[in-house]
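Mapped onto the numbering used here, the consecutive letters of the sequence shown carry residue numbers 118 to 581.
A virtual CB, placed ideally from N, CA and C, is assigned to each residue, including glycine.
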Amino acid sequence: MDIHSCAKHTTTDKQLHELALLYRFSNTLLSTIRLNKLTHLILTMLTSGQEPLFERAMLFLLNEKTGLLQGMLGVTSETSEGLIAVADEENPLGNRWDISEEIIARQRSSEFSSLVRMSRIDIKLDCPVFEKVITQGRVFYTGNEELTDYPTSFSFLKELDVKEFVAAPLIARDTTIGMLVVDNPVSKQRITVDELRFLKLIAGQAGMAIENSTLYNKLEEAHTDLQDARERLLHGERLAAIGEMAANLVHELKSPLVTIGGFAGRLFKTLPDASREQHYADTILREACRLEKMLADILAFSRKPTICYSNCQMAEILRESFESCATTLEDQSIRLIQPELDDSWVVLGDAHQLKQVFLNLLLNAAESMPDGGIIKVAAEEKTGPDTGSLIISISDTGGGIPAALLSKIFHPFFTTKNKGTGLGLPIVNRIISNHQGSIEAGNEGKGAVFRVTLPLKGSRLPEC
Numbered sequence: 118m119d120i121h122s123c124a125k126h127t128t129t130d131k132q133l134h135e136l137a138l139l140y141r142f143s144n145t146l147l148s149t150i151r152l153n154k155l156t157h158l159i160l161t162m163l164t165s166g167q168e169p170l171f172e173r174a175m176l177f178l179l180n181e182k183t184g185l186l187q188g189m190l191g192v193t194s195e196t197s198e199g200l201i202a203v204a205d206e207e208n209p210l211g212n213r214w215d216i217s218e219e220i221i222a223r224q225r226s227s228e229f230s231s232l233v234r235m236s237r238i239d240i241k242l243d244c245p246v247f248e249k250v251i252t253q254g255r256v257f258y259t260g261n262e263e264l265t266d267y268p269t270s271f272s273f274l275k276e277l278d279v280k281e282f283v284a285a286p287l288i289a290r291d292t293t294i295g296m297l298v299v300d301n302p303v304s305k306q307r308i309t310v311d312e313l314r315f316l317k318l319i320a321g322q323a324g325m326a327i328e329n330s331t332l333y334n335k336l337e338e339a340h341t342d343l344q345d346a347r348e349r350l351l352h353g354e355r356l357a358a359i360g361e362m363a364a365n366l367v368h369e370l371k372s373p374l375v376t377i378g379g380f381a382g383r384l385f386k387t388l389p390d391a392s393r394e395q396h397y398a399d400t401i402l403r404e405a406c407r408l409e410k411m412l413a414d415i416l417a418f419s420r421k422p423t424i425c426y427s428n429c430q431m432a433e434i435l436r437e438s439f440e441s442c443a444t445t446l447e448d449q450s451i452r453l454i455q456p457e458l459d460d461s462w463v464v465l466g467d468a469h470q471l472k473q474v475f476l477n478l479l480l481n482a483a484e485s486m487p488d489g490g491i492i493k494v495a496a497e498e499k500t501g502p503d504t505g506s507l508i509i510s511i512s513d514t515g516g517g518i519p520a521a522l523l524s525k526i527f528h529p530f531f532t533t534k535n536k537g538t539g540l541g542l543p544i545v546n547r548i549i550s551n552h553q554g555s556i557e558a559g560n561e562g563k564g565a566v567f568r569v570t571l572p573l574k575g576s577r578l579p580e581c
């Protein structure tokens with residue numbers, strides 16, 4: 118049935134045809150909840166057929182954040198071909214229209230639609246008629262004689278060659294959410310009162326359908342967020358259970374390991390020097406120490422750390438870190454290049470944990486250079502709009518980190534070392550995160566570089 122053919126019938130027939138048309142229009146809008154398809158169906162129904170109701174139709178939605186009308190789609194009588202009539206044999210009142218994905222893609226990529234979608238209209242500055250449509254919720258018809266009153270800044274009319282048009286509000290729950298704009302630029306045929314009334318009815322149904330689609334999409338997003346939150350909660354509970362089990366296991370293993378290490382140390386001292394038995398005792402002692410270190414790392418990672426924030430002098434923390442690893446670096450023929458330190462650098466945090474971070478990074482760098490090399494530490498203060506930050510980088514000449522492994526090095530239990538636990542860097546990462554900072558790893562020059570960023574005093578951190 119042609120929309121325009123309603124005008125060719127008597128008043129009674131015309132009303133019946135209009136009701137049937139509106140009913141099919143309503144069935145069509147209820148057939149999909151997808152906003153994209155819905156906009157295509159609305160505009161295609163207004164412009165399709167041998168004698169279309171309008172030659173062009175455009176749909177705009179009001180952006181709540183910016184307050185601008187945003188062009189969503191534009192369809193012409195040339196691009197509206199392809200509307201499919203869907204008959205319901207069991208329910209004749211269920212007849213509706215549909216549109217294929219191919220036609221949707223073609224309409225969306227048309228030059229006219231692209232111009233509409235690029236349009237952003239400030240109703241207060243650009244067009245008084247559009248402002249009335251949105252604020253008053255009324256249909257407005259604008260003729261040629263009124264267009265001269267538009268501000269020159271309103272480029273939308275010029276770009277789309279709009280000379281005479283009707284703008285109808287899309288209303289949902291007593292709120293205007295957008296508008297339909299229609300015109301007849303080819304035939305120059307004036308839009309009749311009956312067509313205006315019909316457009317108002319269609320716009321009313323379209324507004325409610327668009328609002329339902331938007332609410333459905335928000336509901337889907339909320340459901341997805343809820344599912345994600347549930348998964349994170351379950352994951353957190355599983356991790357908590359694993360952490361508790363790990364903590365209990367560590368406590369059970371630590372006591373016998375300490376005993377084994379202690380007796381191995383005593384045995385080592387009583388055995389003849391360089392004897393096979395002393396070598397065996399030394400091996401037991403070293404492995405016991407390694408296992409103790411591994412258990413200590415697991416226990417540290419499984420526990421939720423408690424931080425009592427205080428003023429931490431970063432210069433002093435770095436000096437202590439350098440001194441703690443000085444002997445190790447000297448024994449491995451590694452030269453440490455230290456930065457100029459400023460005693461005014463103060464970070465709110467836990468000094469012991471921050472020292473653990475830099476000591477861990479320095480020793481990791483040393484392990485990558487068994488034959489000697491250079492470790493360079495740099496420190497830079499950056500000032501932001503709210504507060505400053507301290508960036509400390511530690512680079513080495515140990516050959517760097519393979520690109521394929523860069524994204525994994527902060528994962529728990531991931532290690533490339535034969536005797537590593539894979540918890541050193543994850544613990545470092547967690548400490549930095551708990552201090553509202555960040556850590557990045559990469560490759561520079563002949564080796565790897567780690568950059569630690571910490572907020573200087575002035576950031577809002579929780580108190581213990």
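Rounded to whole angstroms, T538 and D414 show a C-alpha spacing of 8 Å. In the DSSP assignment, I454 falls within the unbroken beta strand (DSSP E) covering 451-454. In this structure, DSSP gives D460 a state outside helix and strand, which the three-state scheme calls coil. D448: member of the alpha helix (DSSP H) spanning 443-448, first to last residue. For M296, the enclosing beta strand (DSSP E) starts and ends at 292-300. By a beta-carbon distance limit of 8 Å, G554 contacts P572. Their separation comes to about 6 Å.
For S510, the enclosing beta strand (DSSP E) stretches over residues 505-512. For F282, no alpha helix (DSSP H) run applies; the uninterrupted beta strand (DSSP E) run containing it begins and ends at 282-289, by DSSP.
When L453, M411, L542 are compared, the shortest CA-CA separation from A364 is found for M411. The three-state secondary structure of C425, taken from DSSP, is coil. Taken atom to atom, the span from the alpha-carbon of V310 to that of A346 is near 53 Å.
The Cβ-Cβ distance between L152 and I240 does not fall below 8 Å. One thing to note: W214 has its Cβ no nearer than 8 Å to the Cβ of T149.
Distance from the CA of T387 to the CA of L402, rounded to the nearest whole angstrom, comes to 14 Å.
When secondary structure is reduced to three states using DSSP, A391 falls in the coil class, being assigned neither helix nor strand. I544 and T514 do not touch by the CB rule: their CB atoms are close to 25 Å apart, not below 8 Å. The beta carbon of W462 is closer than 8 Å to those of Q430, M431, A432, A496, E498, L507, L573 in its chain, skipping five residues each way along the sequence. When the five nearest sequence neighbours on each side are left out, the beta carbons in the same chain lying within less than 7 Å of the beta carbon of E312 are those of L170, in order along the chain. Non-local C-beta neighbours of L190 in its own chain, meaning closer than 8 Å and more than five positions away in sequence, comprise T156, H157, L160, M175, L176, Q224, R225, S230, V233, R234, ordered along the chain. Under the three-state reduction of DSSP, V494 is assigned to strand. Within the same chain, and ignoring the five residues on either side of S441 in sequence, the residues whose Cβ sits closer than 6 Å to its Cβ are L476. By the neighbour-count criterion, in which 16 or more other beta carbons inside 10 Å mark a residue as buried, N428 falls on the exposed side. For a cut-off of 8 Å, the C-beta gap from M325 to A289 is around 5 Å, short enough to register as a contact. Cβ atoms of S217 and G199 come within 8 Å of each other, at about 6 Å.
The straight-line gap separating the alpha-carbon atoms of I556 and L479 is approximately 14 Å.
Around the CB of R383, fewer than 16 other CB atoms lie within 10 Å, so the residue is classed as exposed. CA-CA distance, N329 to I319, rounds to 15 Å. By the neighbour-count criterion, in which 16 or more other beta carbons inside 10 Å mark a residue as buried, M486 falls on the buried side.
According to the DSSP secondary-structure assignment, Q430 is paired through a beta bridge with V463. The Cβ atoms of L179 and I308 lie no closer than 8 Å to each other. Here S392 is exposed: its Cβ has fewer than 16 other Cβ atoms, across all protein chains shown, within 10 Å.
R436 is positioned such that its CB atom lies closer than 8 Å to that of L458.
The closest CA to that of G516, considering only A483, L542, A222, is found on A483. Take the alpha-carbon of S165 and the one of L336: they are about 33 Å apart. Under the DSSP assignment, I220 falls in the alpha helix (DSSP H) whose first and last residues are 218-225. Put simply, of L465, L277, T252 the residue whose alpha carbon is nearest the alpha carbon of S550 is L465.
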